[in-house]
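Chains as they are written, first to last, in full-length UniProt numbering: chain A, 1 to 269; chain B, 1 to 266.
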């Protein structure tokens, strides 16, 4: 239990609380626009950036972030090229990212790199620079979403109506992709690149089960995200489990409980 | 007496051409929509109805020619508050977590109101729009739970909340049973006859368009047919003040029989 009082755990917990707000919040816009897979894509590209960071000796999270942002622009570009098969762009970029990452990790085999930590998350490796990065990303994401919540709602609900209202739809699409890239890169060290998209999408999936209004679903995703992250990190700390995996399994458990409760309520009524 | 300012050009298309994957969808299309016109646009699938709508609101750029909205080229047009838009029924996911009230309020989120918070006056406008469409009881329901006809009322309320001069409807009655369609169409006709709103409606329903707009299309272009009717009901050049008259509209539409009577004047 003393692990919970240790400095590295406290850092992971603060970082976790912050991404527990931002990841589900940005995730709800992705899920409702049927772009759930974007999270996975950007995180896979982000690993390639992390690998390059190790290879050239630059802060890996920053290079990962840069890669994710570039990928987000590419997704928009490909989405336009393959308008009616938009998911194709996601498949192409995702495999491209993994291909690049695998090659760079093999090139850097001589270095002592803890690849597992980046793939599955770790509570041991978060340092102060990581924490500052997460804090800055949290502020950027919250300011962007809170100041544009009305417009983002309309865009998410009805993109054509948003365009007819004169909203700069293209700008908002890029903004959502870039914010997603930021959140993913910031979350990778705690949750892991392979699991980070679950933190974006599963809280939103839960909110679809219980929320009646958009306002309710925003509150729901943040509460569920926080619950899973804080509880998951604690369980992972005490039992020495992979934090990413623990958080994701908790999220899935919450979702199953909500589904059962809803079913029970339907049968009861 | 009507003076010319009552009949300003709302939409003008001059020599508009558009092609998709090297196939001409529209070539040299000319037409203008004047204030208080009701334009019904009919064409088979692939005739370019949606393409045309998208060009008119600036979502697509024509290959050549000019499109003007309220006299301004679309690219420079800024008065988006003046346009209301009613989408196809199936344009959203029924599971989407949004209440009727949230959807109706979103009609106010135009470019001119970026960074502006929702005010009490906005909430009042929303109340008025809900009341006029007789859906205030549904305000807190999730939109996906509503019937097709009720959803159309919600989208109409959203389109009306800004007190629009131009209402664009994209196949608003697709997927709705015929009785509800009829009620919806009467409501639209009523608004055309009693309020200063110009309509552009894309529809599959030939019969309904013809029963109101006449048997002969005003213009034919390729596979598209434009039916047209001008409203002479309003004698003066009153400013369109729908928000104030919404309550009155509700009273007039309270009983369906009355609406049908009003709608059947033509």
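Note that beta-carbon positions come from the ideal geometry of N, C-alpha and C, so glycine has one too. Computed from a prediction, not measured in an experiment: that's the story for all the values here.
- Only buried fits residue 192 of chain B, as 16 or more other CB atoms lie within 10 angstroms of its CB.
- Distances from the CA of residue 250 of chain A to each of A/225, A/61, A/261, A/194 were compared; the closest alpha carbon is that of A/225.
- With respect to chain B, the C-beta atom of residue 245 of chain A has no partner C-beta closer than 8 Å.
- Contact between the segment 168-186 of chain A and the segment 25-34 of chain A is present: three or more C-beta pairs spanning the two stretches fall below 8 Å.
- As DSSP reads the structure, residue 15 of chain A sits in no beta bridge.
- Around residue 77 of chain B, the same chain offers 69 as residues with beta carbons nearer than 6 Å, after the five sequence neighbours per side are excluded.
- With a threshold of 8 Å between beta carbons, residue 165 of chain A makes contact with chain B.
- In this structure, residue 192 of chain A lies near residue 121 of chain A, with their beta-carbon atoms less than 8 Å apart.
- Nearest CB-CB separation between residue 85 of chain B and chain A: below the 8 Å threshold.
- Bridge pairing for residue 26 of chain B: B/18 [DSSP].
- In the DSSP assignment, residue 96 of chain A falls within the unbroken alpha helix (DSSP H) covering 87-107.
- In this structure residue 15 of chain A is buried. Its beta-carbon is surrounded by 16 or more other beta-carbon atoms within 10 angstroms.
- In the same chain as residue 153 of chain B, and ignoring 5 residues on each side of it, the C-beta atoms closer than 6 Å to its own belong to 133, 135, in chain order.
- In this structure, the alpha-carbon of residue 34 of chain A lies about 27 Å from that of residue 56 of chain B.
- Identification of residues in the segment 73-105 of chain A having a C-beta nearer than 9 Å to some C-beta of chain B yields an empty set.
- Within the segment 142-166 of chain A, 147, 150, 151, 153, 154, 157, 158, 160, 161, 163, 164, 165, 166 place their CB atoms closer than 7 Å to a CB of chain B, listed in sequence order.
- At a cut-off of 8 Å between beta carbons, residue 207 of chain A contacts chain B.
- With 16 or more other Cβ atoms inside 10 Å of its own Cβ, residue 43 of chain A counts as buried.
- The C-beta of residue 142 of chain B has 16 or more other C-beta atoms within 10 Å across all chains shown, which makes the residue buried.
- According to DSSP, residue pairing for residue 40 of chain B in a beta bridge involves B/201, B/227.
- Under the 8 Å criterion on CB atoms, residue 212 of chain A is classed as interfacial with respect to chain B.
- The C-beta distance from residue 139 of chain B to residue 84 of chain B rounds to 19 Å, too long to fall under 8 Å, and the pair is not in contact.
- Secondary structure at residue 57 of chain B: coil, using DSSP grouped into helix, strand and coil.
- Taking all protein chains shown into account, residue 229 of chain B has 16 or more neighbouring C-beta atoms within 10 Å of its C-beta and is therefore buried.
- Judged by their CB atoms, residue 202 of chain B and residue 157 of chain B are not nearer to each other than the 8 Å cut-off.
- With contacts defined as CB atoms closer than 8 Å, residue 101 of chain A and residue 51 of chain A qualify as a contacting pair.
- In this structure, the beta-carbon distance from residue 75 of chain B to residue 15 of chain B does not fall below 8 Å.
- In the three-state reduction of the DSSP assignment, residue 66 of chain B falls in the strand class, which pools E and B.
- A direct Cα-Cα distance of roughly 8 Å separates residue 128 of chain A from residue 11 of chain A.
- Sequence-distant Cβ neighbours of residue 199 of chain A in its own chain, meaning closer than 6 Å and more than five residues away, are 23, 191.
- About 6 Å separates the beta carbon of residue 207 of chain A from that of residue 97 of chain B, a gap short enough to meet the 8 Å contact definition.
- For secondary structure counted as the alpha helix (DSSP H) over 4 or more consecutive residues, the segment 192-244 of chain A holds these complete runs in sequence order: 196-210, 214-239.
- Under the 8 Å Cβ criterion, the segment 70-85 of chain A does not count as touching the segment 140-150 of chain A, having fewer than three qualifying pairs.
- At least 8 Å separates the CB of residue 184 of chain B from every CB of chain A.
- Taking a beta-carbon distance threshold of 8 Å, residue 102 of chain B counts as an interface residue toward chain A.
- Under the DSSP assignment, residue 220 of chain B falls in the beta strand (DSSP E) whose first and last residues are 219-221.
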